[in-house]
Every structure is written in C-alpha cells, then in structure tokens.
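From first to last, the protein sequence lines are chains A and B. Numbering-wise, the first sequence is residues -16 to 581 according to our numbering. Numbering-wise, the second sequence is residues 70 to 330 according to our numbering. All remarks here apply to the structure that follows.
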Amino acid sequence: MSQVMDPPAPVEVELRPAPPLDMRRAVRLGLAGGAAMVLVAATGIVATFQPRMVIDPIVPLGILFLYLLAFGFGWMAGQPPATLEGYEPATAGSRNVLAGALAGLLAGLSVGLLLILITVFDLRGVFINMSPELAEILGFGLPVAVAVIVIAVASAAMGALGGAIHLLSRRVRRTLMGALTAVIVFSLLTDLFGQLFAGLSLESVIDFLYTGRGGALTIIGAVAIFGAFIVLFWWMEGRDSTLRQRVQAMPKGQRSRWQIGAALIILVILYFVPRIMGPFVSQILVTAGIYLLMALGLNIVVGYAGLLDLGYVAFFAVGAYTTAILTSPQSPAFNPEISVLASLPFVMVAAAIAGILVATPVIRMRGDYLAIVTLGFGEIARILLNSEWLAPIFGGAQGITNIPDLQIGPLTFSTPQDYFYPVFLFVLVAAYVTFAVQKSRWGRAWMAMREDESVAEAMGVNIVTAKLSAFVVGAILASFGGSLFAAQIGSVFPHTFDIVVSITVLVIIIVGGMGSVPGVTLGALVLIVLPNLLREFSEYQFLFYGVLLIVMMLKRPEGFIPSKRRAQELHTEELSQDAWLEIYGEKGQAEHVPEEAV
Amino acid sequence: MPLLEIQSLNKAFGGLRAINGLELHVDEGEVVSVIGPNGAGKTTFFNLVTGMETPDEGSIVFDGQNVVGLRPNQILKLGMARTFQNVRLFPAMTVLENVMVGQHSRTKAGLFGAIFKTPSQRREEAEIEERAKEVLSFFGTRLAGYRHDQLSMVLSYANRRRLEIARAMATGPRLLLLDEPTAGMNPRETIELTELIGRLRSERGYTIVLIEHDMQVVRNVSDRVVVLDHGVKLTEGTYDEVSTNEKVIEAYLGRPAELGA
C-alpha cells in the first residue's frame, strides 16, 4: 500500500458538478423490469396470487406483486449515482422522477406487449399459464387497446413513485417505506398474526384488522397499521443513537446488567411463544430450529474450517436412524427400546464415527474435489438406508416407525409446542459451542486451514486432526438435529434424507451470513419459517429461493448479517478506499499517516 | 555438531533436477544466505527442509534428528519455521490471530477445553495472546496497538512481510528460514529489514537461513553465503570470497564470449 500513499500536497480543489442521472441506465433497467414483470406474469405467479387479497377488496396480491416490480425498477433507475472524488454530491430532482417513470413506462409497455400476444395468439400449448384469465387480470377487464395504455400509465406512475422516493429526506423515506412494508407483512403473514392475537385472546383485534382469521386486511386495518408504523418508524429514525449504541456506550457493569436483563426478557418471551402460537406455528418453529441446529453445525465445517460439505444430510440421517433403532420397538434388527434421552450419547458416538468415516478419505482433498466426494457420501447414505440389502437393519423404504416421545424425568414431550423447548435448548448449546470454539486454539487452526491449507500445516497445524475434528463437531450437531427430528415425527424414512436438505442448510448459511450466528439464525427464519407460513405459494418456493440467491450473491454476497471479517473480505476494495480517505481526511489533510508512507 | 546438516539431497520434478546432490550445514547462531539465479532451486531447498515437499534422496538432519518424511507441522515443532517468497498470510484473520496460530504446535488445549472453558484452557489462551503481543512488539510500532485487530489483508506490503516473520517467530523456532524477506520493498524498508535480521539473531538468538537477491542485504547480514545454480552448490564462503568467485560471476552474468566457444 505504501506505494500509493505518497501524500498529495493539500490543495483547495474546486469540485466539479455531479454528472447528471444516466437515462440510458434507466432504459436498461426499464427493459430488465419489463422482462421481470413478463416472467412473473408468464409463470403464473400473477394469476395464482390474484385471488389473495392484500387489502380487501381493493388490492389483490397478484397485481400488487406485478406493480411492485415497476416500483422497484423505477426506484433503481432514479437512484442518484455515487459521489465520486472531485465531484459535488448529486442532488435529487425531477430527473430522478423522470428516470423512474421512463423505466416504469418501458416495463409497462413490455407487459402490454405480452397482453396483446396473449389475446391475439393462443399460446397455452407452450406456456400453459398464458391463459385468457391472465389477460383478464393484466388488462383489468378492459378492451386490449385501452388496457395497454392503462398498464403503461400505471406502470410509469409506479416507476415515477419509485424515482420520487429519492426526493424525500432519509427520515421520511425510511418511515414511509417501513410502514408500507409493515402493511404488506401484516397482510401476508395473516396466519401468524391471527394466531398471535388469538393466542393472546385479542380476537377483537383480528376482527378489526382482518376480514377474518387468516383473511386479508380490511381497509381500516391497513390504514391503522400504516399509521401506527408511521409513528413508530418516525420516532425510531429520529433518535440520535440506537439502543444498541447506547448500551455499548454504557460503563461495563451497567452494560452487562442490561444485557443480562435483555436476555432474561427474551427467555421469558420465548417460554410463552409455543403456548401463544399454537401447534401450527410451533411446528414450523421446531422445523426451523432443527434446520438451524444443522446450519450451526455446517457453519463450523464450511464457515470456519472451509470444508465444503455437500453431503451433510448424512449426519442428520445418522442421528435420526440411531435414535430410531435404539428406541423403537419396530426396529427390525435389534430393539433395546431405550429412551430417546438415553440414545443421545450413542447418537454422539455414531455421529463421531460417521464424521471420521467421511473425513478420512478426504483428508488430502481440497475445494471442489472435497465437495464432490461429500456429495457422493450423502447420496450413498440415503441409498444404503433405502436398500433391500440393509432393510433387515434400517427397514428399507418402510423406514422405522413407532419411535417413542422424548422423555426427560417426569416430562413427556409429545406436541410441537412441547418440542419447541428441547430444540431451542439444543440450538442454544450449538450457538454457544460456535462462539466458544471461534476464539480458541482449534477455531484459529480451522480458520488458518480455510485460508491456506499448506501454510497452516507449515505453521504447525496438524491438518489431519483439524479436518477430522471439524467434521466430527459438525456431524454431532447435525445428528442431534436428526435425533430430535426422529423423536418428534415418531418415524424415519430414507426419502426424508434427500440432497435437498443439504442444499437448504447450505443456502441458509450462505444467505444468512457465513460464520455468524445471528446471520445463520435469520437465514433459517427466512428460508424455513417464511415458506412454511406462506404455504399457499409453495409452488413457487424454489423460484423465490433462486431469485433470493442470485440477488444476494450480486448485491450482498456476505449474507444478511455477516461476520465482520467476511464482510471485510468481500469488500476489500472499498475498504482500502475508506482507509485512504481516513488517512487523508476530508480536506486532503494527513491525519495519522502510517510511518511507511512518510 | 551443526544445527542443520544436509547430505546428498536430491529432488527432481520430471526431468528437471531442482536439487542435485546438495551438501550443506548450518551451525547454531549463524546467518547463512542462499543466493543464486532464478530457478537455481533455492525455494525448493526451503520446501524440502520444511517438509512441504519430500526429497527423492538424501538426509536432512536437524538437531540430531532426520526430518525426511515428517509432516511440515512435525518439522515445525522441532524448531524450524519459514516465511514465503510470495507472502502467504491468513488474509481473513487479524494480525494478532495470525501470530496466535503460529503457537498452535506449542500449545495443547483441545475442543473440550474450549467448550467447557476449563481453567487450564483459559490460562493457556491468555498466555497465547500475551506471547503474540510480545512477538509483535519486536517490530516496534509497526504492528502494535490498533493494528492487532486489523485483518492481515489490509496491511501494507512491508507490514505483511513483517507479520510473516512475526508468525514464524511465534512458533518458537531455533532456525528461521526467510524466503526473500526484502523482495518488493523500497530501499528504506530494505535497510530497516536488514537491521531487523541482525536483531533477530542478537536479541532472540535465532539461527537464520535466508534466500536473498539484494546483495547489499546479503553482505550486511550473512556470516556465510551459499551459492546455488541448477540445483548444485557452486561454492560457499564469506561474502567477499563468494563475490569474487569466477564460477559465481559466470552463473550470474554468463560466460565471457571468448571462453564460451
């Protein structure tokens, strides 16, 4: 870095005016937005979502979804360019609105074109979703010629609104967007909120906000939510510092008292969660918890040790089958019928053995090769469990049923609400292990191995032990997940342990933020809880996964809540820029120039 | 008895004999420079000594023990640590963590200790950190204070080289192998590093073998210079002896035209 750091003489530089907003970019974005809107319509999303009302009876989800795209692309088109060195910061003006409108117009015209196409030709032989019903929805039931104009105008208006967002001050913008998002969230998660209010015996709130339990928002309800969140976000955006910053600034004793207090409050709330949320939501939370447990384990293997394991589901299966064989009276080979709790030590041992079995052949493998081999292992595990050959032990395709409930002392866990607590406990343990190991001798050895395996070895890290231990720790965490899963469902079948489970767990940690416990938790909530709450759209679940992955990799490759170091790693360029600016200050004045620059 | 003794060492990559019958010894407390034109086999020599590559033939005896066939981490534990020609730090780890990893083979806490926070693990962890800071303090203010928690990838080039030396020092070696420690540094930094190599011996008591292209550095730090060419030791001796040796001049500059015919 020293070469570039010869400090320039501090001179007063006259700033050049900011370059105007690029209209060609708006055109490009408009066409991209058109493609996105046509895709959404042609895949049947609009038609499927149309009967679902967001605000009854004025805003149906299908059309809202379509025009939110126009809004989004208008917002992107109207975004002022980043301030470059030597230029004045760009100020937003009518040009931003215009760019948004232009993008929206082009997007709307694309949809209009699609509408004409659908009405003139019958394309249903190829595109089954391009039906007259779709034409009816897209055209608002108007004659085609009128409809095309209406679509173009509506889309341009949404685009212009998107562009106009940039004219607002940060506080207004964030308040408004936050409140609008809140309305949509409240409407989409109607099941969740319905259950929440019912659980709190606040049926009257449901009647006020929704057309019924699980129904759409009423107009009054939508307005009320919008208003409430406007007030909330306005206040939140107006504070000088966040609660987090204030807690950080406290003296140490007071800070730890606050943190302990907050932890206690969260624990108390979590204690009541399954009681209030009922079996449906609890079941989703239990499933998410089991995935989270696996994700935390895989996070150690992939995020810390850098060993891309694509057959992680095998360890989940080991846990589930070990518990099943040891506890179920239906276990074909031998059935000691011990309790689920007593099976856990055996599960641990079995997982450790499985971890060593998988790790041993891949000791000298790296990167892609390791990923392929582990992928093979995952499939081998599933096929063996499913095979006729091993059916006398694992029950083949019939699996093993009649697994007893988890019992701890006098407590029997049978309902999803009951299982929330043990799953949560295991997740806590896994999170603790993750934190504890990160700042330890082996944690550092794993990270060194991830960074550069041969150098790590030359610096004294025993690669064999490091790989084996990472696999074993990951395997044990996943196997606990499998064990809980088996006890909760009461039966295990080979087809459950599909490659999709491995992929989903991997996506959770990538999208959430590799190496970060809060990130992985959020990843599990977004990728497991949301799709389960929005089951009506399950047809499109993997489409949304795909879009989410692509957008995340382009815009935020480090994940939702990344670990600090990973964020830095993926943004080194910006960082070195920031470092440069920090050193030379805003006025070109050297503040703390490192010695080597002098 | 020399600290490092190498006898009839051979290593071939396909048809290329990278190291050819090399004999070399390094005594305790010496600073030995290995020089030679590009492709002379200097880095291969380091790779063989540190176990990153296995020799075809020959023996490498460190402190009375033959290290041929041992893994790099076992060799490091015996007391030989190296740096790399193209700096190879752990980029996404902090400065302090890089140095802490260096102590891996000298410490023993396991995963059990890390998870249950046993008193011995906590004590050891505190010691590792303290020792890492102590090693970094050897470089004055260069790698001190706020630098401890910076990721090593944001360091300047010269600081990366220093950190690599710090990481090697943290492994508790008796012999340091430095692969072109001044490559890519400016004259000021080179002078500073030359001084530093001197201090590594006088203050820390390391025996040092370094590969170096900068003849100023070689002259200023070495007790003895070994010249390699095409995997063969051309000669060895003090800097003055070696720099006037005809074979060495020939290897670097080529054979004069009238003799080459």
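The beta-carbon is built from N, C-alpha and C at its ideal position, and this holds for glycine as well. In this text, all values refer to a predicted model and were calculated from it rather than measured experimentally.
{"Check": "Test: Gln551(A) CB closer than 8 Å to a CB of chain B", "Outcome": "yes"}
{"Check": "Stretch pair the stretch 96 to 103 of chain A + the stretch 28 to 46 of chain A: three plus CB contacts closer than 8 Å", "Outcome": "no"}
{"Check": "The stretch 443 to 459 of chain A: positions lying closer than 8 Å to chain C by Cβ", "Outcome": "The chain inventory of the structure shown lacks chain C, comprising the protein chains A and B."}
{"Check": "Met149(B), DSSP secondary structure in three states", "Outcome": "strand"}
{"Check": "Neighbour list for Arg548(A) in chain B, Cβ cutoff strictly below 8 Å", "Outcome": "Ala161, Met162, Thr163 and Leu220"}
{"Check": "Within 8 Å, strictly: CB atoms of Ala582(A) and Phe298(A)", "Outcome": "Residue 582(A) lies beyond the range of chain A shown here (-16 to 581); nothing can be said about it."}
{"Check": "Amino acids of chain B, ordered along the chain, whose beta-carbon sits closer than 8 Å to that of Ser423(A)", "Outcome": "Ala178, Leu180, Gly182, Ala183, Gln190 and Glu194"}
{"Check": "Identity of the residues DSSP links to Tyr70(A) by a beta bridge", "Outcome": "Arg(-1)(A)"}
{"Check": "Integer-rounded CB distance, given that Leu516(A) should sit under 8 Å from Ile267(A)", "Outcome": "7 Å"}
{"Check": "Nearest neighbour of Arg35(A), chosen from Pro399(A), Glu436(A) and Arg518(A) [CA to CA]", "Outcome": "Arg518(A)"}
{"Check": "Three-way DSSP call (helix, strand, coil) for Asn89(B) in this model", "Outcome": "strand"}
{"Check": "DSSP-derived helix/strand/coil call for Lys111(B)", "Outcome": "helix"}
{"Check": "Short CB-CB distance (under 8 Å) between Glu440(A) and chain B", "Outcome": "yes"}
{"Check": "At least 3 beta-carbon pairs within less than 8 Å: the stretch 207 to 223 of chain B vs the stretch 161 to 177 of chain B", "Outcome": "yes"}
{"Check": "Selected residue, minimal CA-CA separation from Gly529(A), among Pro115(A), Ile248(A) and Thr487(A)", "Outcome": "Thr487(A)"}
{"Check": "Residue-chain proximity (Arg236(B), chain A), Cβ-Cβ < 8 Å", "Outcome": "yes"}
{"Check": "First and last residue of the uninterrupted beta strand (DSSP E) at Gln231(A)", "Outcome": "Segment Leu226 to Ala232 is the alpha helix (DSSP H) holding Gln231(A); no beta strand (DSSP E) there."}
{"Check": "Between the CA atoms of Glu522(A) and Thr384(A) - distance to the nearest angstrom", "Outcome": "29 Å"}
{"Check": "C-beta contact flag for Ile88(B) and Val294(B) at 8 Å", "Outcome": "no"}
{"Check": "Complete alpha helix (DSSP H) runs within the stretch 13 to 67 of chain A (minimum length 4 residues, chain order)", "Outcome": "28 to 32 and 44 to 60"}
{"Check": "Ala586(A) at chain B interface by Cβ criterion, 8 Å", "Outcome": "Absent from the model: residue 586(A). The displayed extent of chain A is -16 to 581, so no value can be given."}
{"Check": "Straight-line gap, Ser340(B) to Leu358(A) (C-alpha atoms, nearest Å)", "Outcome": "The structure shown has nothing for residue 340(B), since chain B only spans 70 to 330."}
{"Check": "Chain B contact residues for Val420(A), given Cβ-Cβ distances below 8 Å", "Outcome": "Leu180, Ala183 and Ile184"}
{"Check": "For Gln524(A) and Ala86(A), the rounded distance between their alpha carbons", "Outcome": "28 Å"}
{"Check": "Reduced DSSP secondary structure (H/G/I, E/B, other) of Asp218(B)", "Outcome": "helix"}
{"Check": "Pair within 8 Å by beta-carbon distance, Met598(A) and Tyr287(A)", "Outcome": "In the structure as shown, chain A starts at -16 and stops at 581, and residue 598(A) therefore has no counterpart that could be examined."}
{"Check": "Complete runs of the alpha helix (DSSP H) confined to the stretch 295 to 376 of chain A [at least 4 residues]", "Outcome": "296 to 310, 323 to 342 and 350 to 369"}
{"Check": "Beta-bridge partners of Ile383(A), as assigned by DSSP", "Outcome": "Val475(A)"}
{"Check": "Closer than 8 Å to chain B by CB, Gly338(A)", "Outcome": "no"}
{"Check": "Outcome for Gly329(B) when other beta-carbon atoms lying within 10 angstroms are tallied against a minimum of 16", "Outcome": "With a pLDDT of only 46 at Gly329(B), under 50, the local geometry of the prediction cannot be trusted, and the value read off the model is given with reservation. Exposed."}
{"Check": "With 16 other Cβ atoms within 10 Å as the buried cut-off, status of Pro3(A)", "Outcome": "exposed"}
{"Check": "For Ser128(B): DSSP bridge partner residues", "Outcome": "Gln76(B)"}
{"Check": "Whole-angstrom distance between Val168(A) and Phe407(A), CA atom to CA atom", "Outcome": "25 Å"}
{"Check": "Residue burial classification, Tyr352(A) (beta-carbon count within 10 angstroms, cutoff 16)", "Outcome": "exposed"}
{"Check": "Rounded separation between Lys111(B) and Asn255(B) - CA only", "Outcome": "23 Å"}
{"Check": "Extent of the continuous alpha helix (DSSP H) to which Thr164(A) belongs", "Outcome": "Arg153 to Leu171"}
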